[in-house]
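> A single structure is presented below for examination.
There are 2 protein chains.
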Amino acid sequence: MKYKFSQKMTELKPSAIREIFKNLGQPGAIAFSAGNPAPESFPVEFISEASADIFAHDACSALQYSVTEGYVPLREAVTARLRDKFSTGGEGDTTLIVSGGQQGIELTAKVMCDEGDTVIAENPSFIGALNSFRSLGLKLAGVPLEDDGMNLNALEDALKTNPRAKLIYTIPTFHNPVGVTTSLEKRRGIYALAKKYGAVIIEDNPYGELRLSGEDVPTIKSMDTDGIVVYCGSFSKILSAGMRVGFLSAPSDIATKIVVAKQVEDVHTNIFFQMIAHRFMTQFDMDAHIEKIRALYRYKCGLMLDTMARELPGDVRWIKPQGGLFLWCTLPDRLDAGKFVADAAAEKVFVVPGSAFQCDQSLPTKAFRLNYSTPTDDDIVRGIKILGSIARM
Amino acid sequence: MKYKFSQKMTELKPSAIREIFKNLGQPGAIAFSAGNPAPESFPVEFISEASADIFAHDACSALQYSVTEGYVPLREAVTARLRDKFSTGGEGDTTLIVSGGQQGIELTAKVMCDEGDTVIAENPSFIGALNSFRSLGLKLAGVPLEDDGMNLNALEDALKTNPRAKLIYTIPTFHNPVGVTTSLEKRRGIYALAKKYGAVIIEDNPYGELRLSGEDVPTIKSMDTDGIVVYCGSFSKILSAGMRVGFLSAPSDIATKIVVAKQVEDVHTNIFFQMIAHRFMTQFDMDAHIEKIRALYRYKCGLMLDTMARELPGDVRWIKPQGGLFLWCTLPDRLDAGKFVADAAAEKVFVVPGSAFQCDQSLPTKAFRLNYSTPTDDDIVRGIKILGSIARM
């Protein structure tokens, strides 16, 4: 049968990253393409013990239906940490638990936007968020991303020329895929422009705890005296990605709508891992654990950067991030990015072409993304050497 | 700030059932309003042991990102059971794991329907599904539900008069809220009409394993030689509701689109509980466990029916179901359903008014829904007595 799919889904292609994943099964493959946390970053012993304790003493609560808003003790712990550590979330905000940061983004767009509305995003940006906007029939307006964040003039132009621009989507801290961190000045600028033009900001911050160097910059949400910022966070990079637990802090009226939208998507986030996350925050030295992950990624990022400096030709450029999981590289004009990515894949080294992250995916780019948290140290060295030899051809 | 929400969410109200839940915390409350499985139905010891084993031997797989389609061994086990036990799913179908049956319904509607399209549903029907359609900006056309399923003439009328009718949503087995099971003849009729008018059927079957009496009727999906049925199932009622693991069997082209839509909602369903569900299906006597749940609900349903026969006035009517979790009662003309539900709540007995399940919620009904799986035996007897005294007033 020939199906007639919804217009929004007809236009949506599977993520290029997923297509690459399909080739990762082969022996000897080196995955610089994932965004996976390092397996060493999971506190397995703690989770195992907490799990045994939950099933021994609170099994029925862990296995029964629960409320859509999330496990109350976890919501309270997240609220406290956001407030105490990031000055984020205030009296007018509500913390909700969602099934990963991805769901927080998608739900916010669902409650704020009708089909045909526009979301303004950094260009390039996180493909999962861009695709969630596309899946809702929304248009994307990309704003060039500079070393210190969005170009504010281009942001204002986009707000002016798109009267149906309802949302500004930004990853101000350790941007995926580019790795840059938006400056305090530009954060203030983004906030002021959103307020001026009546847009709501989605501040996506899944990597915020993974600072490798430099000083924290206040979140945009911490400036939110007008109730226009939805802050999305996640446990995926600090506890477990597979458990699918994230959170958001939203102005309470928006949160109320998000709860209704979440209820009809998955009723609630699996309650057992909400209980695990709560214990992680309150009965475990979460900060020491995060410090260990930071040290691990600081080392892996440094190893990759050092190897790149040694092995890649001088006309390949990249940005040194202060945190997160990714390195963004730009090829010189003499190299075709599509061919480079394909040649690397033929040598079993998988990187993500920059086109995947474009608001307009038909536009060519010279860039590609590398991940340093997933591969082993040996694979980092071996894979970068292979990329170097391809780039010199 | 005054927010401008999306049109579809502006119109969507929180579930009436949830509003009732808010009052359940008070001491002595009797919840006939839930759809929760009995706590005794969770195989806690098995889950606890399986959990310890997974964290001891396969922790990294259980905690890392996984693929959107679902854990392959679980997909295979579900495919095999659907085929062997229900003759459901064939060569042209793909089994996917979703975050509860609810997500399967919502995703199917998202990929098949544009805003303004129509979903035809039994009237009354499951509020979670109806609200998921509403959340996507879809219109609902209700078809009267009779003792043996939808009125087929009304179904054909709805298909004729709604040229944008893309989906028929049906719960043919142990309907929620009404409890009736659609006859084989009517299943064939629904299938034939869907085919004739080019609509896709969502066959929602979360209760199918919970038969208390009578013989299984073939699923509509088992007749699907044309690739027009998406079958949604769930582990919520036989293993754990809180773990949020369901599945669907869809024609492969539709499944491919559902995967893309799921990826942008929650990336994948939490992988740990997919592993638990797989072990439940392959390393545990699942059928014996389901038989225990059936015996429990057979007893509880019988206790509620017996008490109703004794305690409710003769002009209150109800339907005896062959399975599932619910009893559907209709009040006589002399009683106002809204007042009855409110009077019961004042006595701390919570039932769901029939209006909650209507495609057009503004229409009055004389009905209310009772659940027998959640309350204790004592509460069943005490609560029905209270309802009887109110109904006699």
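Each protein sequence line maps, in turn, to chains P and Z.
The first sequence begins at 1 in my numbering and counts up one residue at a time.
The second sequence begins at 1 in my numbering and counts up one residue at a time.
No residue lacks a Cβ here, since even glycine has one placed at the ideal position from N, Cα and C.
#1: Within the chosen definition, does the stretch 179-187 of chain P reach the stretch 144-160 of chain P through at least 3 CB pairs nearer than 8 Å?
#2: Would you mind telling me which residues of chain P sit closer than 8 Å to proline 321(Z), beta carbon to beta carbon, in chain order?
#3: What span of residues does the alpha helix (DSSP H) with glycine 412(P) cover, start to end?
#4: Comparing the C-beta of lysine 237(P) with each C-beta of chain Z, is any distance below 8 Å?
#5: Quick one: measure Cβ to Cβ for asparagine 371(Z) and alanine 34(Z), integer angstroms, because I've assumed they're closer than 8 Å.
#6: Based on Cα-Cα distance, which residue from Glu91(Z), Thr95(Z) and Asp378(Z) lies nearest to glycine 246(Z)?
#7: By how many angstroms is the C-alpha of phenylalanine 280(P) removed from the C-alpha of phenylalanine 55(P)?
#8: Is there a Cβ from chain B that is less than 8 Å from the Cβ of glutamate 106(Z)?
#9: What residue does the alpha helix (DSSP H) around glycine 189(P) start on, and which one ends it?
#10: Taking 8 Å as the threshold (C-beta atoms), are alanine 158(P) and isoleucine 202(P) in contact?
#11: To the nearest angstrom, how far is the alpha carbon of leucine 303(Z) from that of arginine 244(Z)?
#12: Quick one: complete beta strand (DSSP E) runs, 3+ long, within the stretch 96-143 of chain P?
#13: Based on DSSP bridge pairs, tell me the residues matched to proline 14(Z).
#14: Where do the ends of the beta strand (DSSP E) carrying aspartate 204(Z) lie?
#15: Quick one: which unbroken beta strand (DSSP E) runs of 3-plus residues sit fully inside the stretch 62-89 of chain Z? Chain order, please.
#16: Given this structure, state the Cα-to-Cα distance separating lysine 160(Z) from serine 236(Z), to the nearest angstrom.
#17: Checking the sheet assignment: what are the DSSP bridge partners for cysteine 329(P)?
#18: Have a look at Gln361(Z), Asp378(Z) and Gly388(Z) and flag the residue whose alpha-carbon is nearest the alpha-carbon of alanine 141(Z).
#19: What residues from the stretch 1-16 of chain Z come within 8 Å of chain P, judged by C-beta to C-beta, listed N to C?
#20: Nearest by alpha-carbon distance to glycine 214(P): which of Ala194(P), Thr170(P), Phe368(P) and Lys320(P) is it?
#21: For a contact meaning CB atoms closer than 9 Å, what does glycine 128(Z) contact in chain P?
#22: Can you determine whether any heavy atom of the ligand NAD sits closer than 7 Å to the C-beta of phenylalanine 42(Z), and answer yes or no?
#23: For leucine 387(Z) versus alanine 337(Z), is the C-beta spacing smaller than 8 Å?
#24: Take glutamate 311(Z) and list the residues in its own chain whose beta-carbon comes closer than 7 Å to its own, dropping the five residues that flank it on each side.
#25: By alpha-carbon positions, which one of Gly233(P), Tyr71(P), Trp328(P) and His57(P) ends up nearest to threonine 88(P)?
#26: In its own chain, which residues sit with a C-beta less than 6 Å from the C-beta of tryptophan 318(P), not counting the 5 before and 5 after it?
#27: Taking 8 Å as the CB-CB cut-off, is methionine 243(Z) touching chain P?
#28: Mind checking if serine 132(P) is an interface residue toward chain Z, Cβ cutoff 8 Å exclusive?
#29: For asparagine 153(P), does the count of other Cβ atoms within 10 angstroms reach 16, so buried, or fall short, so exposed?
#30: Which residues in chain P have a C-beta closer than 9 Å to the C-beta of aspartate 377(Z)? List them in chain order.
#31: Hey, does lysine 292(P) have any beta-carbon neighbour from chain Z nearer than 8 Å?
#32: Beta strand (DSSP E) containing phenylalanine 273(Z): first to last residue?
#33: Output the distance between the C-alpha atoms of glutamate 265(P) and threonine 118(Z), rounded to the nearest integer angstrom.
So, from the data block:
#1: Segments in contact, yes.
#2: Residue mapping note: residue 321(Z) aligns to position 321 of the second sequence, counting from 1. Per Cβ cutoff of 8 Å: no residues; proline 321(Z) is ~20 Å from chain P at best.
#3: Missing from the structure shown is residue 412(P); chain P here goes from 1 to 393 and no further.
#4: Numbered from 1 along the first sequence, position 237 holds the residue referred to as residue 237(P). No, its Cβ sits nowhere closer than 8 Å to a Cβ of chain Z.
#5: Locating residue 371(Z) in the second sequence gives position 371, where the first residue counts as 1. Locating residue 34(Z) in the second sequence gives position 34, where the first residue counts as 1. Confirmed, about 5 Å.
#6: Counted from its first residue, the second sequence places residue 246(Z) at position 246. It is Thr95(Z).
#7: What you label residue 55(P) is simply residue 55 of the first sequence in a count that begins at 1. What you label residue 280(P) is simply residue 280 of the first sequence in a count that begins at 1. Looking at the two C-alpha atoms, the distance is approximately 16 Å.
#8: No chain B is part of this structure, whose protein chains are labelled P and Z.
#9: If you number the first sequence from 1, residue 189(P) lands on position 189. Segment 184-197, the alpha helix (DSSP H) holding glycine 189(P).
#10: Taking the first residue of the first sequence as 1, we reach residue 202(P) at position 202. Taking the first residue of the first sequence as 1, we reach residue 158(P) at position 158. In terms of Cβ geometry, isoleucine 202(P) and alanine 158(P) do not form a close pair [threshold 8 Å].
#11: In the second sequence, the residue the question calls residue 303(Z) occupies position 303. In the second sequence, the residue the question calls residue 244(Z) occupies position 244. The straight-line gap from Cα to Cα measures roughly 30 Å.
#12: Segments of the beta strand (DSSP E) lying fully in the stretch 96-143 of chain P: 118-123.
#13: By one-based count along the second sequence, residue 14(Z) stands at place 14. In the DSSP secondary-structure assignment, proline 14(Z) is not bridged to any residue.
#14: Indexing the second sequence from 1 puts residue 204(Z) at position 204. Counting along the chain, the beta strand (DSSP E) containing aspartate 204(Z) begins and ends at 200-204.
#15: As far as the stretch 62-89 of chain Z is concerned, it has no whole beta strand (DSSP E) run of at least 3 residues.
#16: Within the second sequence, the letter at position 160 stands for residue 160(Z). Within the second sequence, the letter at position 236 stands for residue 236(Z). Answer to the nearest angstrom: the Cα atoms are 36 Å apart.
#17: Reading the first sequence from its first residue, position 329 is the one you call residue 329(P). Within the DSSP bridge table, the entry for cysteine 329(P) names Trp318(P) and Phe368(P) as partners.
#18: In the second sequence, counting from the first residue as 1, residue 141(Z) sits at position 141. Closest by alpha carbon: Gln361(Z).
#19: Residues passing the 8 Å Cβ filter: Met1, Tyr3, Lys4, Phe5, Ser6, Gln7, Lys8, Met9, Leu12, Lys13, Pro14 and Ser15.
#20: By 1-based counting over the first sequence, the position of residue 214(P) is 214. The candidate whose alpha carbon is nearest that of glycine 214(P) is Lys320(P).
#21: Mapped onto the second sequence, residue 128(Z) falls at position 128. One finds Gln263, Val264 and Val267 in chain P with Cβ atoms closer than 9 Å to the Cβ of glycine 128(Z), taken in chain order.
#22: Annotation note on the ligand NAD: not contained in the displayed structure, which lists no ligands.
#23: Stepping through the second sequence from its first residue, residue 387(Z) is reached at position 387. Stepping through the second sequence from its first residue, residue 337(Z) is reached at position 337. The answer is no: Cβ separation not under 8 Å.
#24: Taking the second sequence and counting its residues from 1, one reaches residue 311(Z) at position 311. Cβ neighbours of glutamate 311(Z) beyond the five flanking positions: Ile384, Lys385 and Gly388.
#25: Counting from 1 along the first sequence, the entry for residue 88(P) is found at position 88. Ranking Gly233(P), Tyr71(P), Trp328(P) and His57(P) by Cα distance to threonine 88(P) puts Gly233(P) first.
#26: In the first sequence, the residue the question calls residue 318(P) occupies position 318. If we look at tryptophan 318(P) and ignore the five residues flanking it on each side, its Cβ neighbours are Leu327 and Cys329.
#27: For this step, residue 243(Z) is matched to residue 243 along the second sequence. For methionine 243(Z), the nearest CB of chain P lies under 8 Å from its own CB, placing it at the interface with that chain.
#28: Translated into the one-based positions of the first sequence, residue 132(P) becomes position 132. Yes, serine 132(P) counts as interfacial toward chain Z.
#29: On the first sequence, position 153 is the one that residue 153(P) refers to. Sixteen is the threshold: since fewer than 16 other Cβ atoms of the shown chains lie within 10 Å of the Cβ of asparagine 153(P), the residue is exposed.
#30: Mapped onto the second sequence, residue 377(Z) falls at position 377. Residues of chain P passing the Cβ test: none, with the nearest at roughly 17 Å.
#31: Along the first sequence, one-based indexing puts residue 292(P) at 292. Taking CB atoms only, lysine 292(P) has no neighbour in chain Z less than 8 Å away.
#32: As a position in the second sequence, residue 273(Z) is number 273, starting the count at 1. It is not in any beta strand (DSSP E) - phenylalanine 273(Z) instead sits in the alpha helix (DSSP H) that spans 271-282.
#33: Counting from one through the first sequence, the residue named residue 265(P) turns up at place 265. Counting from one through the second sequence, the residue named residue 118(Z) turns up at place 118. C-alpha separation (whole angstroms): 19 Å.
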